[in-house]
Amino acid sequence: MKEPLRAKAQIFGPGFPPAGAQIEFEVGDSGLRVKTAEINDGTPRWSAINLAKSGWDGLQLRLEWKGAAGTYSLATGDAEAIAAIRRFSAGKSEVNTARPDAATRAWSNSLIWGTVMFPLLLLVVIAWQHQRIADWAVDLIPVEQETKLGEIIFSQQKANLKLVEGESLAMVRDIGGKLTRDSRYKFQFFVTEDKAVNAYAMPGGYVVVHTGLLQLADTAEEVAGVLAHEVQHVEQRHSLRGMAQSLGLYAGLSVLFGDLSGLASLGGDLLKLKFSRDHETEADREGLKSLVAQKINPSGMRDFFGKMAAQSKLDLGFLSTHPASDERMADMDRLIKALPDEAQKAAPLAVDYAAVKASIAPPK
Ligand SMILES: [Zn+2]
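When you line the sequence shown up against this note's numbering, it's residues 4 to 367, in that order.
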């Protein structure tokens with residue numbers, strides 16, 4: 004006969020509050036002895052008691068039995084009491100109702116994080132920082148790769164261009180040369196016979212000006228303003244950034260890793276890519292700076308963009324890719340007025356603009 008053991012436990016069942024009550028119980032050879040509402044319910048025998056491991060880590064033991072008043076359960080985490088219960092019940096089998104132990108929890112947590120949460124977070128970050136990631140990828144592209152891409156696109160476009168030589172080209176090359184003197188790109192300027200008022204730049208420094216734009220302009224400074232703006236779209240890699248944003252990382256990576264064929268096939272579409280408002284503002288601001296640096300009167304840029312905005316009924320291809328909002332015009336005007344006097348009073352370019360206009364076919 005073993006000495007009975009007394010210990011404390013939490014009891015649930017008839018006569019006890021829903022949250023249970025702390026009671027003292029006794030474990031012995033025949034079974035339990037607990038003070039319950041029904042006197043007979045308090046002395047269940049081992050044969051009537053079900054044992055179960057419970058609690059978070061299976062470190063608790065739960066004893067369950069049916070009495071006349073209902074089902075009771077008693078839970079204890081007291082190691083000594085648990086050992087006594089196991090001893091007195093002679094190794095009665097225990098159901099495992101414990102919740103996963105710490106190791107399993109850690110493992111399943113890392114599974115949830117690794118397979119679900121982390122990729123999800125990564126996606127959120129990518130979506131959120133999409134533009135920054137695209138810009139970062141674009142910054143990694145070497146100039147040579149970009150130039151190759153421009154070369155391919157230009158050679159594709161060339162078939163549709165009616166390239167013009169003579170005074171207009173000489174003027175455009177002269178002004179363009181000044182604006183790109185310190186560039187990391189080897190700029191090439193072209194004039195094409197086309198009555199649509201347009202000018203555009205391809206990655207790597209290919210700049211094309213339509214005769215229609217030269218006809219709408221009234222001074223060489225106005226043309227210089229457009230060229231300065233276009234040159235900055237190249238310098239700031241706006242086409243590549245626009246591509247990276249609209250085509251995704253694929254564009255940046257394919258340029259980076261030298262597979263240009265897929266991108267080049269989109270060449271025509273790239274030229275129709277609308278620049279973002281931020282890119283337009285940047286091209287205006289940097290363009291104005293470059294005009295001032297070359298002592299070219301910067302008012303021509305504002306005058307020409309304003310003239311185009313006012314003639315919105317014209318076939319203005321330029322405005323569809325370089326939207327000129329009122330806000331943008333006002334910004335340009337503010338920047339010019341903030342410049343030092345000498346910048347605004349720069350001597351006119353030594354160009355007979357009337358002669359340049361006369362040298363190109365009038366718009367039909
Ligand atoms: Zn633009």
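Just so you know, even glycine gets a beta-carbon here, dropped at the ideal spot from N, CA and C.
Quick caveat: nothing in here was measured; it's all calculated off a predicted structure.
Margin query: Taking the straight line between their C-alpha atoms, what separation do you get for R240 and Y203?
Written below: 13 Å
inquiry  = Output needed for L342: all residues of its chain with C-beta closer than 7 Å, excluding positions within five of it in sequence on either side, in chain order.
reply    = V295 and P301
Whole-angstrom C-beta distance between A173 and F307, which should lie under 8 Å: 20 Å between Cβ atoms; not a contact.
**Request:** Spatial neighbours of V226 within its chain, please: CB distance less than 6 Å, with the 5 preceding and 5 following residues excluded, ordered by chain position.
**Result:** Around V226: A220.
Skipping 5 residues on each side, what residues in its chain have a beta carbon closer than 6 Å to that of I178? Same-chain partners within the cutoff: A227 and L230.
Mind checking whether R337 and T284 have CB atoms under 9 Å apart? no
ask   = What separation, rounded to the nearest whole angstrom, lies between the Cα atoms of E41 and S113?
value = 49 Å
Taking the Cβ atom as the reference point for each residue, do S376 and A24 lie within a distance shorter than 9 Å? Absent from the model: residue 376. The displayed extent of the chain is 4 to 367, so no value can be given.
Exercise. Would DSSP call I14 helix, strand or coil?
Worked result: strand
Under 8 Å from any heavy atom of ligand 1, does the C-beta of F307 make it? no
Open item on the list: If the criterion is Cβ atoms closer than 9 Å, does the pair I299 and K198 meet it?
Closed with: no
Under 8 Å Cβ to Cβ from N43, same chain only, skipping five residues before and after it: list those, please. G70 and A71
Report task. Using beta-carbon positions only, say whether G34 and L8 come within less than 9 Å of one another. Result -> no
With DSSP as the reference, identify every bridge partner of E29, one or two as the case may be. Paired residues: R9 and R36.
The alpha helix (DSSP H) spanning A137 covers which residue range? H133 to D142
- Take the Cβ of R280 as the centre, count every other Cβ of all protein chains shown within 10 Å, and call the residue buried at 16 or more, exposed below. exposed
Review point. How about I363 and T222: are their beta carbons less than 9 Å apart?
Key: no
Given S186, which residues of its chain have a CB within under 6 Å of its CB, disregarding the five upstream and five downstream residues?
none
Check your understanding: Hey, how far is the Cα of F190 from the Cα of S111?
Key -> Just so you know, the alpha carbons of F190 and S111 end up roughly 58 Å apart.
When DSSP builds the beta bridges, which residues end up paired with G203?
In the sequence under discussion, the amino acid at residue 203 is Tyr, which differs from the Gly named in the question. Paired residue(s): V211.
Rounding to the nearest angstrom, what Cα-Cα distance links A353 and E170 in this structure?
13 Å
Open item on the list: Can you determine whether any heavy atom of ligand 1 sits closer than 8 Å to the C-beta of A286, and answer yes or no?
Closed with: yes
Which residues does DSSP list as the beta-bridge partners of A24? I14
**Q.** Nearest-angstrom Cα separation, counted from S242 out to D329
**A.** 23 Å
Report task. Decide if L125 is buried, meaning its Cβ has at least 16 other Cβ atoms within 10 Å, or exposed. Result -> exposed
Shorter than 8 Å, the distance from the beta carbon of T150 to the closest heavy atom of ligand 1, or not? no
Exercise. Just curious, the alpha helix (DSSP H) that L395 is in, first and last residue?
Worked result: Missing from the structure shown is residue 395; the chain here goes from 4 to 367 and no further.
Nearest to E2 by alpha carbon, out of K165, G207 and I156? A query on residue 2 cannot be resolved here, the shown segment of the chain reaching from 4 to 367 and no further.
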